[in-house]
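*Asks:* Numbering-wise (the numbering used here), the sequence shown opens with residue 1 and increments by one. Even glycine gets a Cβ: it sits at the ideal position worked out from N, Cα and C. Only a predicted model underlies this, so the values are computations on that prediction, with no experimental measurement involved.
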Amino acid sequence: MKRKLFISGSWVGAEHYAPLSSPYNKKVIAEIPIASEADVEKAIEAAHNAFLKMAKMPKHERGHILEKLVMLLDKRKEEAAEIIAKEAAKPIKTALEEVQRTIQTYKFSAEEAKRIHGEALSLDAAPGGENRTAYTVREPIGVIGAITPFNFPMNLVAHKVGPAIASGNTIVLKPASQTPLSAFFIAELLQEAGLPDGALNVVTGSGSIVGKKIVEDERVKMITFTGSPQVGKEIRNKAGLKRVTLELGSNSALIVDEGIDVKSIIPRCVKGAFSNQGQVCISLQRIYVHEHVYDEFVNAFVKESEKLTTGDPLDFQTDVSALISEHDVIRVISWIEEAKKTGAIVATGGNAKGNIVEPTVLLNTKPDMKVSCQEIFGPVVLIEKVSSIEQAVEYVNDSRYGLQAGIYTKNIHHALYAAEELKVGGVMINDIPTFRVDHMPYGGVKESGMGREGIKYAIEEMTELKLVVINRQV
Ligand code: NAP
1 MKRKLFISGS
11 WVGAEHYAPL
21 SSPYNKKVIA
31 EIPIASEADV
41 EKAIEAAHNA
51 FLKMAKMPKH
61 ERGHILEKLV
71 MLLDKRKEEA
81 AEIIAKEAAK
91 PIKTALEEVQ
101 RTIQTYKFSA
111 EEAKRIHGEA
121 LSLDAAPGGE
131 NRTAYTVREP
141 IGVIGAITPF
151 NFPMNLVAHK
161 VGPAIASGNT
171 IVLKPASQTP
181 LSAFFIAELL
191 QEAGLPDGAL
201 NVVTGSGSIV
211 GKKIVEDERV
221 KMITFTGSPQ
231 VGKEIRNKAG
241 LKRVTLELGS
251 NSALIVDEGI
261 DVKSIIPRCV
271 KGAFSNQGQV
281 CISLQRIYVH
291 EHVYDEFVNA
301 FVKESEKLTT
311 GDPLDFQTDV
321 SALISEHDVI
331 RVISWIEEAK
341 KTGAIVATGG
351 NAKGNIVEPT
361 VLLNTKPDMK
371 VSCQEIFGPV
381 VLIEKVSSIE
391 QAVEYVNDSR
401 YGLQAGIYTK
411 NIHHALYAAE
421 ELKVGGVMIN
431 DIPTFRVDHM
441 PYGGVKESGM
451 GREGIKYAIE
461 EMTELKLVVI
471 NRQV
């Protein structure tokens with residue numbers, strides 16, 4: 001089926017189209033328009049023209065549109081999950097979880113729309129500030145360019161579109177080329193929910209043409225990007241004076257301290273490593289386990305991993321399905337092979353069947369192996385032995401990334417030590433680094449990015465703080 005671009009409230013065709021195929025069975029799902037520069041220009045112009053209307057719209061109206069979207073999405077959640085499963089090969093039960101989270105994200109956006117405010121200041125705290133009343137307000141900044149990845153095609157769009165609408169901005173959205181259907185679906189629902197024409201525009205096509213035009217256009221005041229560090233850096237270099245939020249990758253780690261009841265945490269750790277085939281920015285990639293519980297942990301982890309069912313993303317039994325592309329299958333397998341050649345041991349998995357990589361557990365790895373120091377973005381996890389909490393923290397921090405980290409411990413001193421010393425955006429105590437609910441501040445340090453999402457925090461990034469000072473003695 002031929003799809004259309006969404007510009008200024010209308011569905012418009014493009015000059016060129018590309019087939020979109022299922023990552024699982026290669027069947028063509030849809031024909032996707034490839035936006036030209038002229039199409040992107042129209043989308044930016046539409047967003048620019050719609051800005052005043054959105055900025056002046058009362059907050060309760062913005063909230064109401066988002067509430068309506070929540071209602072519409074809730075009614076069609078099975079359909080939404082099927083779209084994600086088809087275009088991203090996300091197992092359907094995981095896709096349903098994503099839809100539930102997307103609903104939450106828009107719910108929080110509807111609520112936050114009504115509580116955007118500044119603060120009153122005491123200017124007389126400084127000599128010369130007497131007899132003045134001062135307050136701040138938060139104003140929308142204008143057109144927001146949103147560029148999103150393939151791995152959470154609905155909820156990561158929501159993390160940009162929700163707060164942008166809540167705060168009175170307009171959006172030009174470029175979804176990942178492999179997962180445009182989720183973005184079109186949300187545009188359809190928002191139109192039905194009464195969003196003014198031009199407030200959201202969806203343009204599909206290659207990152208290097210469509211993305212580049214959005215990043216370089218002067219009318220776009222902010223870029224909110226989620227994706228790989230490589231593209232993130234390129235965007236940062238091209239964005240000039242625009243505000244930029246970058247939510248990038250990581251090789252997230254977990255510490256398991258001695259004294260932990262290993263059996264009770266294994267199912268959660270396995271889910272953290274292999275959910276969505278490990279294609280999660282906070283997927284559990286490195287596990288550092290205290291030597292006293294190491295053997296028990298490895299045995300139980302391998303046993304649990306081997307219970308996972310691989311297969312068709314549309315089958316409710318499937319836990320692990322295809323990686324997003326053949327190229328990624330080849331890359332992941334070659335990293336495993338490279339690790340094996342330099343001493344790593346494959347405790348389970350290590351092979352691919354078609355585009356499905358088996359859930360893989362590696363032992364005896366070294367920090368400079370690609371499987372350890374780079375983001376693998378596949379169903380591969382390594383488990384290494386440590387003898388102290390200090391050593392474990394050192395290993396976790398030995399990374400160019402810093403998104404989230406986890407520690408399971410019964411020792412309060414170890415928990416607080418980890419909270420203080422881990423160089424990441426979020427520390428999860430007695431949980432895996434993969435924990436996220438959608439209103440918490442979320443983002444990374446180092447090459448994991450800059451800025452924070454989580455509705456309230458994204459709204460701060462998407463608004464300008466304006467100061468008003470009233471001199472009462474004139
Ligand atoms: P990606 O290759 O960086 O692509 C992300 C988006 O950027 C896509 O829409 C892509 O378009 C576009 N793009 C590509 N080149 C561009 C350019 N030169 N200028 C502007 N836009 C460009 O990432 P991905 O493979 O889709 O996603 C995986 C990455 O995202 C991983 O590193 C993962 O950790 C990260 N991620 C981070 C978070 C977080 O919150 N921190 C969440 C999820 C994922 P095309 O698809 O057309 O190339």
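Which class does Ala419 belong to by DSSP, given the choice of helix, strand or coil?
*Replies:* Residue numbering aside, residue 419 sits at position 419 when the sequence shown is read from its first letter. In the three-state reduction of the DSSP assignment, Ala419 falls in the helix class, which pools H, G and I.
*Asks:* What do you reckon, are the CB atoms on Pro163 and Ala458 nearer than 8 Å?
*Replies:* Taking the sequence shown and counting its residues from 1, the one referred to as residue 163 is at position 163. Taking the sequence shown and counting its residues from 1, the one referred to as residue 458 is at position 458. Closer than 8 Å, so yes.
*Asks:* Beta strand (DSSP E) containing Glu139: first to last residue?
*Replies:* As a position in the sequence shown, residue 139 is number 139, starting the count at 1. Taken as a continuous stretch (DSSP letters only), the beta strand (DSSP E) holding Glu139 covers Arg132 to Pro140.
*Asks:* Compute the minimum distance between the beta carbon of Cys281 and the heavy atoms of the ligand NAP, and state whether it is under 7 Å.
*Replies:* Within the sequence shown, numbered from 1, the residue matching residue 281 stands at position 281. Yes, Cβ of Cys281 sits closer than 7 Å to a heavy atom of the ligand NAP.
*Asks:* Alpha carbons only, please: which of Ala418, Ala95 and Glu384 is nearest the one belonging to Gln317?
*Replies:* Counting from 1 along the sequence shown, the entry for residue 317 is found at position 317. The shortest C-alpha separation from Gln317 is found at Ala95.
*Asks:* Straight-line CA distance for Met369 to Phe274?
*Replies:* In the sequence shown, the residue the question calls residue 369 occupies position 369. In the sequence shown, the residue the question calls residue 274 occupies position 274. For Met369 and Phe274, the distance between alpha carbons rounds to 20 Å.
*Asks:* Is the beta carbon of Thr365 sitting closer than 8 Å to the one on Ala392?
*Replies:* Taking the first residue of the sequence shown as 1, we reach residue 365 at position 365. Taking the first residue of the sequence shown as 1, we reach residue 392 at position 392. Contact flag unset, no.
*Asks:* Would you kindly check if the distance between the Cβ of Asn169 and the Cβ of Met462 is under 8 Å?
*Replies:* Here the question's residue 462 lines up with position 462 in the sequence shown. Here the question's residue 169 lines up with position 169 in the sequence shown. Their beta carbons are under 8 Å apart, which means Met462 touches Asn169 by this criterion.
*Asks:* Which same chain residues, not among the five before or five after Ala81, have their C-beta less than 7 Å away from its C-beta?
*Replies:* Working through the sequence shown from its first residue, we reach residue 81 at position 81. Result list for Ala81: Ile92, Ala95, Leu96 and Val99, in chain order.
*Asks:* Are there 16 or more other CB atoms within 10 angstroms of the CB of Ala125, so buried, or fewer, so exposed?
*Replies:* Numbered from its first residue, the sequence shown carries residue 125 at position 125. That one is exposed.
*Asks:* Taking buried to mean at least 16 other C-beta atoms within 10 Å of its own C-beta, is Asp261 buried or exposed?
*Replies:* Mapped onto the sequence shown, residue 261 falls at position 261. Exposed is the call here.
*Asks:* Touch check for the segment 153-167 and the segment 117-132: three-plus C-beta pairs under 8 Å?
*Replies:* Short answer: they don't touch.
*Asks:* Closer than 7 Å: is that where the CB of Ala407 sits relative to any heavy atom of the ligand NAP?
*Replies:* Counted from its first residue, the sequence shown places residue 407 at position 407. This sequence places Ile at residue 407; Ala is not what is there. Every heavy atom of the ligand NAP is 7 Å or more from the Cβ of Ile407, so no.
*Asks:* Name the DSSP bridge partner or partners of Asn471?
*Replies:* Taking the sequence shown and counting its residues from 1, the one referred to as residue 471 is at position 471. DSSP lists Arg132 as partners of Asn471.
*Asks:* Could you tell me whether the segment 98-116 touches the segment 427-439, using the rule of 3 or more Cβ pairs below 8 Å?
*Replies:* The segment 98-116 is in contact with the segment 427-439.
*Asks:* Any contact of the segment 62-81 with the segment 191-211, i.e. 3+ C-beta pairs under 8 Å?
*Replies:* Short answer: they touch.
*Asks:* Any heavy atom of the ligand NAP inside 7 Å of the beta-carbon of Glu375?
*Replies:* In the sequence shown, residue 375 corresponds to position 375, counting from 1. Yes; taking the cut-off as 7 Å, the Cβ of Glu375 has a heavy atom of the ligand NAP nearer than that.
*Asks:* Return the CA-CA distance between Lys423 and Leu241, expressed in angstroms with no decimal places.
*Replies:* Taking the sequence shown and counting its residues from 1, the one referred to as residue 423 is at position 423. Taking the sequence shown and counting its residues from 1, the one referred to as residue 241 is at position 241. Straight-line Cα distance between these residues: approximately 28 Å.
*Asks:* At 4 residues or longer, and completely inside the segment 225-271: list those alpha helix (DSSP H) runs for me, N to C.
*Replies:* 229-238
*Asks:* Please list the segments of the beta strand (DSSP E) lying wholly inside the segment 282-347, counting only runs of 3 or more residues, in order along the chain.
*Replies:* 286-290
*Asks:* When burial is assigned at 16 or more other CB atoms within 10 Å of the CB, is Gly142 buried or exposed?
*Replies:* Against the sequence shown, residue 142 aligns to sequence position 142. Buried, because 16 or more other Cβ atoms sit within 10 Å of the Cβ of Gly142.
*Asks:* Touch check for the segment 169-184 and the segment 108-124: three-plus C-beta pairs under 8 Å?
*Replies:* no
*Asks:* Exposed or buried, what is Ile144 when buried is set at 16 or more other beta-carbons lying within 10 Å of its beta-carbon?
*Replies:* Translated into the one-based positions of the sequence shown, residue 144 becomes position 144. Burial call: buried.
*Asks:* Identify, in the order they occur along the chain, each residue of the same chain with its Cβ nearer than 7 Å to the Cβ of Gly449, setting aside the five sequence neighbours on each side.
*Replies:* Looking up residue 449 in the sequence shown gives position 449. Cβ neighbours of Gly449 beyond the five flanking positions: Gly232, Leu246, Glu247, Leu248 and Gly443.
*Asks:* According to DSSP, simplified to helix, strand and coil, what is Glu447?
*Replies:* By 1-based counting over the sequence shown, the position of residue 447 is 447. In the displayed model, Glu447 falls within coil according to three-state DSSP, outside both helix and strand.
*Asks:* Between the C-alpha atoms of Glu139 and Lys53, what's the straight-line distance to the nearest angstrom?
*Replies:* Residue numbering aside, residue 139 sits at position 139 when the sequence shown is read from its first letter. Residue numbering aside, residue 53 sits at position 53 when the sequence shown is read from its first letter. Pairing Glu139 with Lys53, the inter-Cα distance amounts to about 13 Å.
*Asks:* Can Asn151 be considered in contact with the ligand NAP, in the sense that its beta carbon sits closer than 7 Å to one or more heavy atoms?
*Replies:* Counting from one through the sequence shown, the residue named residue 151 turns up at place 151. The ligand NAP has a heavy atom closer than 7 Å to the beta-carbon of Asn151.
*Asks:* Classify Met54 as helix, strand or coil using the three-state DSSP reduction.
*Replies:* By one-based count along the sequence shown, residue 54 stands at place 54. The answer is helix: DSSP assigns Met54 an H, G or I state.
*Asks:* One question on the structure: do Val361 and Val320 come within less than 8 Å of each other, judged by their Cβ atoms?
*Replies:* For the purposes of this step, residue 361 is taken as the residue at position 361 of the sequence shown. For the purposes of this step, residue 320 is taken as the residue at position 320 of the sequence shown. It is not a contact, given that the beta carbons lie outside the stated cut-off.
*Asks:* Measuring straight from C-alpha to C-alpha, what distance separates Lys353 and Lys221?
*Replies:* Taking the sequence shown and counting its residues from 1, the one referred to as residue 353 is at position 353. Taking the sequence shown and counting its residues from 1, the one referred to as residue 221 is at position 221. Going by the C-alpha atoms only, they are around 45 Å apart.
*Asks:* So, with DSSP's three-state summary, where would you put Gln279?
*Replies:* Reading the sequence shown from its first residue, position 279 is the one you call residue 279. Coil at Gln279, not helix or strand.
*Asks:* Excluding the 5 residues preceding and the 5 following Val210 in the sequence, name in chain order all residues of the same chain whose CB lies nearer than 6 Å to its CB.
*Replies:* Position 210 of the sequence shown, counting from 1, holds the residue named residue 210. Once the five neighbours on either side are set aside, the close Cβ partners of Val210 are Ala35, Val40, Lys174 and Val203.
*Asks:* Have a look at the DSSP bridge pairing and note the partners of Ala18.
*Replies:* The residue labelled residue 18 in the question sits at position 18 within the sequence shown. Its beta-bridge partners are Ile32.
*Asks:* Where do the N-terminal and C-terminal ends of the alpha helix (DSSP H) with Ala392 fall, by residue?
*Replies:* Walking along the sequence shown from the start, residue 392 turns up at place 392. That run of the alpha helix (DSSP H) goes Ile389 to Asn397.
*Asks:* Compute the minimum distance between the beta carbon of Gln285 and the heavy atoms of the ligand NAP, and state whether it is under 7 Å.
*Replies:* Numbered from 1 along the sequence shown, position 285 holds the residue referred to as residue 285. Gln285: no, Cβ never under 7 Å from the ligand NAP.
*Asks:* Here's the rule I'm using: 16 or more other beta-carbon atoms within 10 Å means buried, otherwise exposed. How should Thr179 be labelled?
*Replies:* The count along the sequence shown starts at 1 and reaches residue 179 at position 179. Result: buried.
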